[in-house]
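The structure under discussion appears below in the form of structure tokens.
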Amino acid sequence: MRSDFDLIIVGGGLGGALLAMIARRLGLHTVLVERGSHPRFAIGESSTPLANLLLEELAVRYDLPKVASLAKWGTWQRDHPELSVGLKRGFTFYHHEWGRPLDHPPEGDQVLMVAASPNEALADTHWYRPAFDHYLVEEAAALGVEYLDQTELNEVEEMTDGIRVQGLRNGKNVSLSAPWLVDATGPRGFLARQLRLESVRVPGLEGNQGLFAHFTGVRQMAETWGTVPDAPYPADAAATHHCFPGGWIWVLPFNNGITSAGISACPSLAQELHLSERADAWNRLLSRLPTVRNQFGDAQVVHAFHEAPALAYQCATASGNRWAMLPSAVGFADPLLSSGFALTLGGIQRLALAMEKRSPPSVAKLGEYGQAVLRDQEAANLMVAALHRSLAQPSVFNKLLMVYFAGVSYAETARRFHRPELCPGFLLNGRSDFWPRASKLLREGLDGKIEPAGFDLRVREIIADINLCDWMRDPHRQCFGVDLDGMIQSWKRFGASATDISELSARLGVL
Ligand SMILES: Cc1cc2nc3c(=O)[nH]c(=O)nc-3n(C[C@H](O)[C@H](O)[C@H](O)COP(=O)(O)OP(=O)(O)OC[C@H]3O[C@@H](n4cnc5c(N)ncnc54)[C@H](O)[C@@H]3O)c2cc1C
Numbered sequence: 286m287r288s289d290f291d292l293i294i295v296g297g298g299l300g301g302a303l304l305a306m307i308a309r310r311l312g313l314h315t316v317l318v319e320r321g322s323h324p325r326f327a328i329g330e331s332s333t334p335l336a337n338l339l340l341e342e343l344a345v346r347y348d349l350p351k352v353a354s355l356a357k358w359g360t361w362q363r364d365h366p367e368l369s370v371g372l373k374r375g376f377t378f379y380h381h382e383w384g385r386p387l388d389h390p391p392e393g394d395q396v397l398m399v400a401a402s403p404n405e406a407l408a409d410t411h412w413y414r415p416a417f418d419h420y421l422v423e424e425a426a427a428l429g430v431e432y433l434d435q436t437e438l439n440e441v442e443e444m445t446d447g448i449r450v451q452g453l454r455n456g457k458n459v460s461l462s463a464p465w466l467v468d469a470t471g472p473r474g475f476l477a478r479q480l481r482l483e484s485v486r487v488p489g490l491e492g493n494q495g496l497f498a499h500f501t502g503v504r505q506m507a508e509t510w511g512t513v514p515d516a517p518y519p520a521d522a523a524a525t526h527h528c529f530p531g532g533w534i535w536v537l538p539f540n541n542g543i544t545s546a547g548i549s550a551c552p553s554l555a556q557e558l559h560l561s562e563r564a565d566a567w568n569r570l571l572s573r574l575p576t577v578r579n580q581f582g583d584a585q586v587v588h589a590f591h592e593a594p595a596l597a598y599q600c601a602t603a604s605g606n607r608w609a610m611l612p613s614a615v616g617f618a619d620p621l622l623s624s625g626f627a628l629t630l631g632g633i634q635r636l637a638l639a640m641e642k643r644s645p646p647s648v649a650k651l652g653e654y655g656q657a658v659l660r661d662q663e664a665a666n667l668m669v670a671a672l673h674r675s676l677a678q679p680s681v682f683n684k685l686l687m688v689y690f691a692g693v694s695y696a697e698t699a700r701r702f703h704r705p706e707l708c709p710g711f712l713l714n715g716r717s718d719f720w721p722r723a724s725k726l727l728r729e730g731l732d733g734k735i736e737p738a739g740f741d742l743r744v745r746e747i748i749a750d751i752n753l754c755d756w757m758r759d760p761h762r763q764c765f766g767v768d769l770d771g772m773i774q775s776w777k778r779f780g781a782s783a784t785d786i787s788e789l790s791a792r793l794g795v796l
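In structure tokens, the structure reads:
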């Protein structure tokens with residue numbers, strides 16, 4: 286087959302645009318096909334330390350300095366003040382009971398704050414997707430990616446030596462061919478539909494529903510409820526999670542006056558609230574959560590609510606002989622823990638490394654990629670499902686979070702010291718000294734069968750080999766700041782020399 290391109294990428298969101306830029310940097314003649322046009326609303330906004338580390342690694346390795354600036358609040362403000370964004374210093378959790386205001390000061394497990402950065406300059410961000418995705422696509426086009434928006438593809442044909450897609454753009458036929466294709470169209474996307482790919486169950490998350498919107502006039506919890514004693518960062522400069530039995534609300538403020546908020550609800554709660562009634566359902570929800578209602582008292586929806594009648598999705602396959610799907614097209618569990626970007630960027634990194642060696646990657650390489658994506662998603666799905674099941678039990682929920690934060694913070698540190706072999710797979714799912722015991726606990730959590738006796742000790746033992754931040758020192762601790770001494774001690778565990786430590790400290794601006 287004579288190919289028009291070296292690579293076709295379908296889906297011009299942040300994942301497709303970033304992969305397209307990398308492909309161009311590797312010298313591939315690349316076409317990026319988008320059904321809609323930018324700027325446009327997109328959900329999935331809150332980044333994490335792991336996501337930003339991956340973004341930075343990709344930007345440095347593939348010489349994308351403008352993208353590198355987007356990996357931290359400080360450089361973003363310096364280099365891209367025109368792009369709206371939100372400041373995320375950490376993860377803030379409030380546990381509510383129906384009909385009852387949250388105590389102030391909070392009792393026991395009612396609040397948990399986990400800092401993700403030692404200062405604003407290094408902080409993570411909420412990506413305001415209308416601006417962020419638009420910028421990435423424009424950058425991709427500037428690097429020489431052929432960008433076709435408003436293109437509806439309706440046919441795909443796999444051949445022994447390539448792949449061809451066809452469709453319509455502005456009423457005209459489009460036909461594109463290449464040796465391989467990457468699907469970056471999100472869940473239940475292009476290839477899943479065209480190739481009728483089988484989907485599989487997502488235990489514990491099936492039937493969960495979402496309702497979300499952008500709002501103006503959302504107030505800060507600091508104003509309407511109060512502050513958390515000893516808070517390691519301003520609690521509202523974070524991904525706020527309002528948790529309650531059967532669901533949770535996210536609140537992500539941007540610096541343009543807009544706040545993203547939404548609910549993920551289990552099937553019975555979604556039905557009780559009649560989520561399909563959108564604004565009425567949202568008001569019904571707020572009427573049951575007095576503290577959250579105060580925060581949203583004057584809020585106005587910017588355009589309209591968006592409904593996700595089935596949030597969780599998992600495709601059984603992630604790659605074929607001539608194609609691969611980005612993790613975001615393979616599956617999605619729940620916004621809890623904001624793992625989507627890290628999974629997507631991890632997938633892009635794997636594909637980029639494969640492309641460096643050979644494009645198209647061999648069938649075996651694409652197969653390895655697909656298996657790794659499925660393993661990562663299984664780990665993420667299990668973690669989130671166990672947490673969802675524990676939403677009505679803050680003490681269990683907060684302890685399971687310690688497993689999560691211990692795993693991801695270990696992975697971040699190992700990556701900073703260029704030791705990827707120490708953090709195989711998302712949540713260290715390839716580590717035999719951690720994952721078998723962690724996943725057993727999570728499965729018990731998912732089945733609602735966690736034995737309270739000895740639970741704290743068990744969590745402590747499970748994370749013992751990867752516990753860099755003394756996560757279980759006090760099982761009822763509400764606030765986790767970034768402890769610089771502890772951080773440096775943890776670097777020493779990775780064999781960092783005095784020079785490594787001073788270099789990294791200077792780079793991070795923490796000493
Ligand atoms: C409710 C919700 C909340 C989330 N919150 C978070 C979060 O806080 N943090 C986080 O890390 N992740 C979150 N995620 C996950 C996050 O949205 C994804 O990881 C992220 O959007 C992946 O980006 P992407 O570019 O790969 O896919 P998408 O953002 O889904 O973009 C896909 C693009 O493909 C285009 N497209 C679709 N079909 C076609 C077609 N047939 N042909 C051509 N183009 C097509 C679309 O128009 C779109 O531009 C959330 C997801 C949901 C559902």
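For my numbering, count along the sequence shown from 1 and bump the result up by 285. Heads up, the beta-carbon is just placed ideally off N, CA and C, and yes, glycines get one too. These figures come from a predicted structure and were not determined experimentally.
Glutamate 431 has Val316 as its beta-bridge partners, per DSSP.
Per DSSP, glutamate 592 is one residue of the beta strand (DSSP E) stretching across 591-593. With contacts defined by Cβ atoms closer than 7 Å, leucine 421 and alanine 302 form a contacting pair.
Within the segment 574-623, the runs of beta strand (DSSP E) at least 3 residues long that lie entirely inside it are, in chain order, 591-593 and 608-610. Look at the beta carbons and you see the segment 597-609 touching the segment 651-663: at least three pairs across the two are nearer than 8 Å. Counting C-beta pairs closer than 8 Å gives fewer than three between the segment 458-468 and the segment 508-520, which falls short of the contact rule. Residue burial annotation: serine 787 is exposed, with fewer than 16 other C-beta atoms found within 10 angstroms of its C-beta. Residues Val295, Gly296, Leu438, Val441, Asp468 and Ala614 of the same chain have their beta carbon placed closer than 8 Å to that of phenylalanine 475, with the five preceding and five following residues left out of the count. Under the three-pair Cβ rule at 8 Å, the segment 395-404 counts as touching the segment 756-764. Assigned with DSSP and collapsed to three states, isoleucine 307 falls in helix.
In this structure the segment 368-376 lies against the segment 532-548, because at least three pairs of beta carbons, one per stretch, are closer than 8 Å. Contact between alanine 597 and asparagine 493 holds, since their C-beta atoms are separated by about 6 Å, short of 8 Å. Ligand 1 never approaches valine 693 closely enough for any of its heavy atoms to be under 6 Å from the residue's Cβ. Straight-line measurement puts the Cα of valine 744 at about 8 Å from the Cα of leucine 685. Taking each of Leu707, Pro709, Cys708 and Ile748 in turn and checking the Cα distance to leucine 727, the smallest one comes out for Ile748.
With fewer than 16 other Cβ atoms inside 10 Å of its own Cβ, histidine 703 counts as exposed. Approximately 6 Å separates the beta-carbon atoms of leucine 731 and proline 488; this is inside 8 Å, confirming the contact. DSSP, read as helix, strand or coil, puts serine 790 in helix. Leucine 313 places its beta carbon 7 Å or farther from that of alanine 305.
Taking the Cβ atoms as the reference, glycine 616 lies roughly 5 Å from glutamine 662, within the contact range of under 8 Å. Annotated three-state conformation of asparagine 666 is helix, per DSSP.
Per DSSP, the continuous alpha helix (DSSP H) segment holding proline 350 begins and ends at 350-353. Considering only Gly321, Ser644 and Ala637, the residue with the shortest C-alpha distance to alanine 463 is Ser644. For proline 721, the enclosing alpha helix (DSSP H) stretches over residues 720-731. Per the DSSP secondary-structure output, tyrosine 518 pairs with nothing in a beta bridge. The Cβ-Cβ distance between glycine 329 and glycine 631 does not fall below 7 Å. Shown here, threonine 629 sits in a helix according to DSSP, grouped into three states. Straight across, the Cα-Cα distance linking leucine 339 with histidine 527 is about 28 Å. The nearest non-hydrogen atom of ligand 1 is 6 Å or more from the C-beta of glutamate 442. Runs of beta strand (DSSP E) with 3 or more residues, each lying fully within the segment 448-499, are found at 457-463 and 466-468, listed in chain order. With contacts defined as CB atoms closer than 7 Å, tryptophan 756 and arginine 573 fail to qualify as a contacting pair. With contacts defined as CB atoms closer than 7 Å, glycine 300 and leucine 621 fail to qualify as a contacting pair. Note on glycine 531: 16 or more other CB atoms within 10 angstroms of its CB, so buried under the neighbour-count rule.
By the neighbour-count criterion, in which 16 or more other beta carbons inside 10 Å mark a residue as buried, valine 681 falls on the buried side.
Counting of Cβ neighbours within 10 angstroms places valine 648 among the exposed residues, the total staying below 16. Taking 8 Å as the upper bound for CB-CB distance, leucine 490 and alanine 327 are not in contact here, some 21 Å apart.
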